[in-house]
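The sequence shown maps to residues 143 to 480 in my numbering. Idealized CB from N, CA, C, for every residue including glycine.
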Amino acid sequence: MNPEVSVVIPVYNEEEGLPQLFERLYPALDALGRSYEVVFVDDGSSDRSVAELREQFQRRPDVTRVVVLARNAGQHLAILAAFAQTRGTYVITLDADLQNPPEEIARLVAAMDAGADYVGTIRVSRQDLMWRRAASRLMNRIREGTTSIRITDQGCMLRGYHRSVVDAVNHCTEVSTYVPALAYTFARHPVEIEVSHAERTVGESKYSLYRLVRLNFDLMTGFSVAPLQFFSMTGGLIALVALVLVVVLLIRRFTLGSEAEGVFTLFAIAFFLIGVTLLGLGVVGEYVGRIYEQVRQRPRYTVAAVLENEGDTVTLPGPTAAAVTPLLSAERARGAGE
Ligand code: UDP
Ligand code: MG
């Protein structure tokens, strides 16, 4: 029978934090008084995360499933890989680092009981580095201005989605995406609630500045063409101003004679415009690169194994296979890759 609640947790090199997560997550879910499943997705960890997840699976096989990806696909694709495996009516996503307390899941479930099919969250007193908070504020503002996605705090991944929304998301095949925004486009009754936030106590953030910038480009290019329009409009405006300038200079040339002043001003203007042009080209490139990735139609992620307690336990093909009963492996693993 399908569980009422599925909790999806992406894990990427979180060996230090996992024991603590298990310790808090399962009691919080048991306290819900509902049937549930936890779907961990290992996003190509190179530490002991997979081993710890397997141990946890063996401890609570009735309510635990583990999807193991062959290599790092990124948090959002990892979540999508897990979404494809969920069966619950409510699907909750949660980070593995305990920055969002699992105890809050009850409040998300309550909001969905009340009729919401999308529960967004806002972190009160967010516990992250100052540059991260400032960058998030800026990105939230830019996204609000350029897309029709209305999310107050886009970075908080403790979120709830109704099965109908998850099913719609599962039909999407986009390579570069942002799960909360994608889900939002299918939500009919989105709500937002405040949740508490804690500092990362073990391990470190998996997002470098570069990865954050890329992620935000995914969000922007995936849900809006406004940046392209911005450059076409700016280009049009500059061309118009330049035209006026040409006419003024021509008139001046014939009335007052030639002039050789203002050469450096001209340089400054030219460099500024070269900068704008390159930026515009770069933005176009961000779209083109993603289109290119998409049209190649390579698998977005590869599922190496799914550990589940259905009599069809699938196991890691290769050296680690001996650890769990080998059944069905290659066939199912290949089929699950999308
Ligand atoms: N994560 C992942 N794949 C990645 C990067 C991160 O599955 O490529 C997971 C990570 O293990 C964690 C969650 O995504 O459970 C959020 O990552 P992190 O806490 O590093 O992000 P931050 O809180 O700094 O935004
Ligand atoms: Mg975190």
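Buried versus exposed call for residue i [16 or more other C-beta atoms within 10 Å across all chains shown]
{"i": "Val150", "result": "buried"}
{"i": "His218", "result": "buried"}
{"i": "Cys298", "result": "buried"}
{"i": "Gln439", "result": "exposed"}
{"i": "Phe182", "result": "buried"}
{"i": "Glu246", "result": "buried"}
{"i": "Glu194", "result": "buried"}
{"i": "Phe164", "result": "buried"}
{"i": "Glu156", "result": "buried"}
{"i": "Asn358", "result": "buried"}
{"i": "Ser347", "result": "exposed"}
{"i": "Gly364", "result": "buried"}
{"i": "Ile93", "result": "With the chain covering only 143 through 480, there is no way to say anything about residue 93."}
{"i": "Val355", "result": "exposed"}
{"i": "Asp360", "result": "buried"}
{"i": "Leu171", "result": "buried"}
{"i": "Gly216", "result": "buried"}
{"i": "Val390", "result": "exposed"}
Top-ranked residue by Cα proximity to residue i, from the options
{"i": "Ala223", "options": "Thr444, Glu450, Leu250", "result": "Thr444"}
{"i": "Gly377", "options": "Arg356, Leu415, Thr343", "result": "Leu415"}
{"i": "Phe373", "options": "Phe328, His313, Val425", "result": "Val425"}
{"i": "Ala446", "options": "Ser148, Pro145, Asn144, Gly186", "result": "Gly186"}
{"i": "Ala277", "options": "Ile433, Met143, Arg353", "result": "Arg353"}
{"i": "Leu423", "options": "Phe406, Pro369, Ala384, Glu401", "result": "Pro369"}
{"i": "Tyr320", "options": "Glu341, Arg285, Val344, Pro441", "result": "Arg285"}
{"i": "Thr383", "options": "Ala226, Ser318, Ile411", "result": "First, the amino acid is wrong: residue 383 is Val here, not Thr. Selected option, being the one with the closest Cα: Ile411."}
Whole-Å CB distance - residue i paired with residue j, under 8 Å assumed
{"i": "Arg166", "j": "Pro244", "result": "5 Å"}
{"i": "Tyr154", "j": "Asn214", "result": "7 Å"}
{"i": "Val209", "j": "Phe199", "result": "Not confirmed; about 11 Å, so no contact."}
{"i": "His313", "j": "Arg265", "result": "About 30 Å separates the two Cβ atoms, so there is no contact after all."}
{"i": "Ile335", "j": "Ala253", "result": "6 Å"}
{"i": "Gly159", "j": "Ala238", "result": "6 Å"}
{"i": "Leu95", "j": "Ala248", "result": "Residue 95 is absent from the structure shown; the chain starts at 143 and stops at 480."}
CB contact below 8 Å: residue i versus chain C
{"i": "Val205", "result": "Included in the structure is just one protein chain, with no chain C present."}
Residue i - containing beta strand (DSSP E), residue span
{"i": "Glu179", "result": "178-184"}
{"i": "Thr376", "result": "Per DSSP, Thr376 belongs to no beta strand (DSSP E); it is in the alpha helix (DSSP H), 368-398."}
Given 8 Å as the limit, is there contact between the region 317-330 and the region 381-397, that is, 3 or more CB pairs closer than that?
no
Three or more beta-carbon pairs under 8 Å between the region 225-239 and the region 302-310, yes or no?
yes
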